[in-house]
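This report refers to the structure that appears directly beneath it.
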Amino acid sequence: MRLATWNVNSIRTRVDRVLAFLERSGTDVLAMQETKCREDQFPHLAFQAAGYEVVHHGFNQWNGVAVASRVGISDVETAFEGMPTWGDPAGAEARALGVTCDGVRVWSLYVPNGRVLHDPHYEYKLQWLGALREAAGTWLRSDPDARIALVGDWNIAPRDEDVWDMSVFAGATHVSPPEREAFRAFEDVGFTEVTRSYVDQYTYWDYQRLRFPRNEGMRIDFAYVSPVVAKRTDAVSIERDERKGKAPSDHVPVVLDLAD
DNA sequence: ATGACCATGTCGCATGGA
């Protein structure tokens, strides 16, 4: 199975590019983040015409996650156990979507941004990651052979080399020790971040200040997978070319080849 | 060239992004 994750930054703006990528790359399952639309606004027909079934979870112009699959899709969940709520009145945001595609439990994840250190959004981000880790650990303990892939935009640069200049990020989110520890802690419950051992590449470049031409990017899109999936990962690529051309997302796809 | 923010809702500007 070829499994990809991509923060598309609006599916309505990007649908042609996403479908072209699916065709070009031979992706079987695509986890998307930041669809930025309600369910009734999602371009389902275009995906259907291309041979993909889509499950989408989105309330409004904020957040939104989806999975497109041409190898089946079932057992939909729009939250994990203990997932924190946000807002007034408090409610679950559209940041997580779990589906099963050809035996693999795929979670499309859009981790909260955090905004600035010690902001309520930052505390929410850490709680959200902690709850996800707890839930994911439970899944693996109940079935150590489970095929699980936690993929998406983690909004954390786990290492200094994951940003082009650490001095620019002094006192900022995405690189703070608590965020990095919250990311690393998924290892403690049995998951492996499988992309780094295969490819050294940023996954995001800000639209501003010529960040892409200057290659001033960030590595914030990752795949934490269960032991069986880690063993079956044959290749990983980061599709840097998707940042080029007309109307790109600010993120590029991360693609995993998984053996059957 | 890979080029100086972008997308949403709404219609002048606020909000969010990282």
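Residues 0 to 259 in numbering that gives the first Met the number 0 are what the first sequence lists, from first letter to last. For each residue, glycine too, the CB sits at the ideal point set by N, CA and C. Every value quoted in this text rests on a predicted model; they were computed, and no experiment measured them.
Compute the beta-carbon to beta-carbon distance between residue 59 and residue 110, rounded to the nearest angstrom, for a pair I have assumed lies under 8 Å. Their Cβ separation, rounded to whole angstroms, is 19 Å, which puts residue 59 and residue 110 out of contact at 8 Å.
Under 8 Å by Cβ, that's how I've got residue 205 and residue 249 pegged, so tell me the actual separation to the nearest angstrom. 6 Å
What does a CB cutoff of less than 7 Å around residue 14 pick up in its chain, not counting 5 residues either side in sequence? 42, 45
Just to confirm my understanding: we take residue 81, look at its own chain, exclude 5 residues before and 5 after, and list those with CB closer than 8 Å. What are they? These residues qualify, in order along the chain: 130, 133, 134.
Residue 29: buried (16+ other C-beta within 10 angstroms of its C-beta) or exposed? buried
In this structure, how does DSSP classify residue 219 when only helix, strand and coil are distinguished? coil
Does the Cβ of residue 242 have 16 or more other Cβ atoms within 10 Å, making it buried, or fewer, making it exposed? buried
Pairing CB atoms from the stretch 60–69 with CB atoms from the stretch 20–36, are three or more of them under 8 Å? yes
Would you kindly work out how many angstroms separate the C-alpha atoms of residue 196 and residue 88, rounded to a whole number? 42 Å
Using the three-state DSSP reduction, which class does residue 183 fall into: helix, strand or coil? helix
Distance check for residue 216 and residue 209, CA to CA, integer angstroms please. Here the C-alpha atom of residue 209 lies approximately 10 Å from the C-alpha atom of residue 216.
What residue range does the alpha helix (DSSP H) around residue 15 cover? In the DSSP annotation of this structure, the continuous segment of the alpha helix (DSSP H) that includes residue 15 starts and ends at 10–24.
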